[in-house]
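Here the sequence shown is numbered in the numbering used here, starting from 29 and rising by one per residue.
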Amino acid sequence: MLISSFLTYLQTEKRYSPHTVLSYKTDLLQFQDFILKTFELDLSKVQAQHVRSFIVDLLDVKISENAIGRKISTLRSFYKYLLREKEIKSNPMLLIKAPKVPKRLPVLIEEVKMDSLLDSDSSFDDSFSGQRDKIVLEILFGTGVRLAELLRVKENDINFYEGTIKVLGKRNKERIIPLHTELIKQLKDYLALKTVEKLNNKSTTLIVTNTGTAAYPKLIYRIVNRYLTLISTQDKKSPHVLRHSFASSLLNRGADLNAIKELLGHASLAATQVYTHTSVERLKSIYKQAHPKA
């Protein structure tokens, strides 16, 4: 009951995405299962020592620091909510410290590699699926939108006169992203092909399957992984890698950090500043290779 009311709060008041709510639910159910089996306690009776036991158990089974940190963050939000709703008298999370997580730089695909992939005539065939795959990569790399945002884009969210695309981000916040000239042309060609193939009758969603239904996350993951494998040997080949690559390319070309923040839809500048570290690491690498004293 406590978990379900909290999840409803996340959906209705906080307006978190279904994916985010599912992550919270998974973490809380895992915690509840541990507390019941180990201590036979209700979640409202949990104390700090019980949470510490949960963390120790996670460490014992080699759960990563990042994953543990996320679970602790979930519990913080959950017990803060319970305290607000007067379901508990004290917050057990006030005495809990998350394990230190080493900072990791975003995984990127080099701009020159993406250009070679997208500009190659042999990478994508002339079929609808081939052109659909190309436009997926072009949008992700050309706008930096999140996977969930891409899946929600409708055909009429593209303003060809203004040269922009409207996306619905986290917490239902809309933002307008400019499109470069080549991407505008490619979108027009894609929509024309979609009409010829009669695939715009079933859904007004921009990205669709070969049968015309709205695209789904696994399809986009498969598309991105398939084509990035052609140009990269790195393990991580996800839509988010292209988002990172978009931001890094802008920063390397002198874009203002606040402008990048607005384009990415970040709530705070802190989330965007990670790309400055990437830029510094790139400069260090160039310096070591080029400077005679390095």
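Glycine residues also receive a C-beta, built at the ideal position from the N, C-alpha and C atoms.
Between the C-alpha atoms of LEU136 and SER260 there is a straight-line separation of about 10 Å. Remark: C-beta atoms of PHE169 and LEU270 approach each other more closely than 7 Å. Under the three-pair Cβ rule at 8 Å, the region 178-186 counts as touching the region 228-235. In the three-state DSSP reduction, THR241 falls in the coil class, being neither helix nor strand. Here GLU166 is buried: its Cβ has 16 or more other Cβ atoms, across all protein chains shown, within 10 Å. Per the Cβ contact rule, the region 71-85 is not in contact with the region 40-48 (fewer than 3 Cβ pairs under 8 Å). Residue range 175-180 is occupied by the alpha helix (DSSP H) that includes GLU177. Leaving aside the five residues that flank LEU256 on each side, the residues in its chain whose CB is nearer than 6 Å to its CB run, in chain order, LYS265. Only residues of its own chain outside the window of five on either side were considered, and among them THR232, LEU234 have a CB closer than 6 Å to the CB of GLU183, listed in chain order. Of the other Cβ atoms in all chains shown, 16 or more fall within 10 Å of the Cβ of ALA275; this residue is therefore buried. In the DSSP assignment, ARG203 is bridged to VAL195. With contacts defined as CB atoms closer than 7 Å, GLY172 and LEU292 qualify as a contacting pair. The residue among LEU30, GLY191, PRO127, GLY97 with its C-alpha nearest the C-alpha of GLU115 is LEU30.
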